[in-house]
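Here it is, written out as structure tokens:
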């Protein structure tokens with residue numbers, strides 16, 4: 019009988035072995051990148067299963083290699099590997115199908131086993147295993163399913179804010195490759211010297227991931243980097259919580275999920291695509307119901323939503339998972355914090371928990387990971403009898419990420435006044451980032467219960483009204499509103515007619531001039547272009563008819579509230595033109611038209627638009643918020659002076675145009 023006993027040794031260059039194996043399979047078996055990754059993960063799992071056994075079946079002799087390469091069948095080798103695979107499928111039945119088989123060629127399977135048979139994964143250095151995962155498995159997974167990844171700086175920042183304790187249970191119900199829960203483990207190791215990581219992982223680290231392949235990678239991450247088998251369940255975390263609990267109980271000591279966790283850290287899938295529409299599933303969630311408003315209070319109705327975005331359901335599921343007093347850190351699209359249609363959700367959050375903190379992320383945060391959606395971080399603490407309901411909320415913003423918002427996320431380093439990259443005391447380049455600054459601010463806030471710095475501020479929870487976003491409450495904007503309210507000002511809606519009625523000409527079939535947002539010169543208040551179209555050729559957004567003397571201003575688009583905000587005066591040239599519904603028309607103002615035109619380009623107006631605008635993808639300001647914008651009214655002399663200057667600028671531009679068009683070239 020063949021002697022399978024083999025001496026296992028530590029391996030310091032796992033990455034090299036991984037890449038050699040990958041390249042061999044890819045070149046010889048004609049498999050796709052994803053298939054190569056799937057087969058490699060299977061091999062790693064059976065190798066780990068073998069190392070926990072005394073039988074050492076994960077081996078191949080020199081003679082067997084010779085036989086296989088010469089085309090001779092070696093059934094003993096295949097039987098050993100198949101036996102290991104069956105054992106692995108039993109041990110990890112939640113992440114491997116019963117019918118799972120290798121699709122590798124005989125030669126590739128032999129090559130792979132030969133390369134790894136002498137490696138002692140259990141005793142190889144953490145650095146070697148960590149590098150192998152990050153550079154190989156992490157890279158391969160990211161290439162195929164980038165949406166499962168959250169930037170490491172964001173993950174580590176969330177963990178630092180929540181300040182985990184060594185006795186706390188942690189779960190990520192949308193764990194992907196395990197970024198959050200692994201960062202939590204590293205935090206515990208760093209701050210609790212001598213802790214048994216294997217035992218801690220077994221007792222305290224939990225995750226749920228819907229994708230089987232990603233679940234396999236997440237489990238392998240923990241096996242490689244800390245020799246710990248994390249409690250990661252392959253299932254839909256939005257499923258019935260009792261059924262999930264039963265499945266968890268099959269392979270962990272945890273019998274119940276509800277009210278069981280001290281910490282939830284997660285970046286759930288979000289976006290309007292992929293709405294949950296199963297009525298039975300939605301009925302089990304408070305946020306799966308429709309909510310009605312009465313006298314500024316929202317009530318849950320008996321009606322079920324026709325569909326709900328998963329991120330909103332994940333908020334409720336996360337709160338269900340938390341113990342009373344437990345803490346949640348979650349990545350959410352900015353619409354959750356801003357949109358008027360989601361005010362009921364924010365009320366729900368205030369009723370269920372204390373709002374610990376809101377941290378705004380820049381739009382480029384997730385661009386290297388495949389999306390430009392704007393997001394923020396929300397930290398809350400679930401209600402308990404011991405937590406005060408009178409507290410201050412920490413608001414902050416991250417502007418510098420430490421990497422560029424490009425496809426590759428190119429690192430950006432701190433530079434001195436001469437443009438040289440700054441080096442720390444260990445000779446390492448220092449990333450140009452705000453995370454560490456905000457963490458310092460948060461620690462000071464926790465100590466003094468208030469903060470007012472360049473990045474951060476705090477306010478009483480009683481001041482939180484219908485919104486949670488950073489810009490709405492920033493000190494700069496609040497000071498502006500205070501000045502306007504105490505000075506001579508009026509609501510925009512009280513000063514003008516805001517036109518938003520579709521033109522009857524849209525059904526006429528005639529030719530019209532059509533004006534888009536891009537047809538505005540944002541520096542000179544002018545419409546500089548229009549397109550001649552028959553009304554049946556107009557896009558669906560074509561809406562309103564212009565009159566001479568109107569003012570149009572943008573209410574949607576990435577530029578609203580910035581100095582590129584589109585505002586224009588309608589001259590006789592564009593009388594009866596049709597404009598997009600991305601504009602609102604101001605007609606019959608009660609104050610001088612040219613002063614109002616000037617004010618619409620002032621910082622006072624633009625800051626209010628920026629403060630009120632909502633939307634994670636395309637920002638917009640609602641008609642209600644637009645009407646509520648405050649217009650500063652100076653004394654009559656000052657108003658007339660400004661008005662006359664603006665008016666003269668139009669006269670001068672018109673004169674300049676006439677001079678240019680009158681020039682003729684003599685031939």
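In the working numbering, the protein residues as written are 19 to 685. Note that the Cβ used here is the ideal one computed from N, Cα and C, for glycine as well.
Check                                                                                                                                  : Outcome
Spatial distance of residue 325 from residue 176 (CA atoms)                                                                            : 30 Å
Nearest-angstrom Cβ-Cβ length linking residue 213 and residue 184, presumed shorter than 8 Å                                           : 6 Å
Residue of 179, 266, 579 and 132 minimising C-alpha distance to residue 86                                                             : 132
Cβ pair residue 603, residue 530 closer than 8 Å                                                                                       : no
Three CB pairs or more closer than 8 Å across the stretch 350 to 368 and the stretch 483 to 501                                        : yes
Whole-number beta carbon distance between residue 284 and residue 348, since they are thought to touch under 8 Å                       : 5 Å
Per DSSP, the bridge partner or partners of residue 530                                                                                : 551
8 Å Cβ cutoff met for residue 460 and residue 375                                                                                      : yes
Cutoff 8 Å; reference residue 180; Cβ partners in own chain excluding five residues on either side                                     : 281, 283, 345, 347 and 397
Of the listed residues 386, 59, 271 and 370, nearest to residue 403 (C-alpha basis)                                                    : 370
Given 8 Å, three or more beta-carbon pairs between the stretch 561 to 581 and the stretch 491 to 506                                   : no
Within-8 Å CB hit, residue 229 to chain C                                                                                              : Given the protein chain composition of this structure (a single chain), no chain C is represented.
Bridge-paired residues (DSSP) for residue 604                                                                                          : 516 and 569
Where residue 559 sits in the DSSP three-state scheme                                                                                  : coil
Presumed contact (8 Å Cβ cut-off) between residue 441 and residue 448, rounded CB distance                                             : 7 Å
Helix, strand or coil at residue 47 according to DSSP, with G and I counted as helix                                                   : helix
Inside the stretch 258 to 327 only - beta strand (DSSP E) runs reaching at least 3 residues                                            : 279 to 284, 307 to 312 and 315 to 322
Residue 605 and residue 568 closer than 8 Å at C-beta                                                                                  : yes
Candidates 431, 373 and 427: closest to residue 405 by CA position                                                                     : 373
Local Cβ density within 10 Å of residue 583, reported as buried at 16 or more and exposed below that                                   : buried
Continuous beta strand (DSSP E) stretch holding residue 400: start and end                                                             : 393 to 400
8 Å Cβ cutoff met for residue 607 and residue 618                                                                                      : no
Cα-Cα separation, residue 295 to residue 322                                                                                           : 10 Å
Limits of the beta strand (DSSP E) - the one that residue 190 falls within                                                             : 188 to 190
Run of the beta strand (DSSP E) containing residue 175, from where it starts to where it stops                                         : Taken as a continuous stretch (DSSP letters only), residue 175 belongs to no beta strand (DSSP E), being part of the alpha helix (DSSP H) at 170 to 180.
Distance, residue 34 Cα to residue 90 Cα                                                                                               : 30 Å
C-alpha distance - residue 270 paired with residue 249, whole-angstrom precision                                                       : 6 Å
Cut-off 7 Å between Cβ atoms - residues of its own chain near residue 338, not counting five sequence neighbours on either side        : 259 and 276
Per-residue burial, residue 400 [other beta carbons within 10 Å of its own, 16 or more giving buried]                                  : buried
Rounded straight-line distance, which links the Cα of residue 311 to that of residue 54                                                : 54 Å
Proximity of residue 600 and residue 559 at Cβ, strictly below 8 Å                                                                     : yes
First and last residue of the uninterrupted beta strand (DSSP E) at residue 664                                                        : No beta strand (DSSP E) holds residue 664; the alpha helix (DSSP H) holding it covers 654 to 680.
Contacts around residue 301, its chain only, beta-carbon distance under 6 Å, and the 5 residues preceding and following it disregarded : 322
Stretch pair the stretch 226 to 236 + the stretch 54 to 67: three plus CB contacts closer than 8 Å                                     : yes
Whether residue 188 touches residue 199 by CB criterion (8 Å)                                                                          : yes
CB-CB length for residue 113 against residue 230, believed under 8 Å                                                                   : 6 Å
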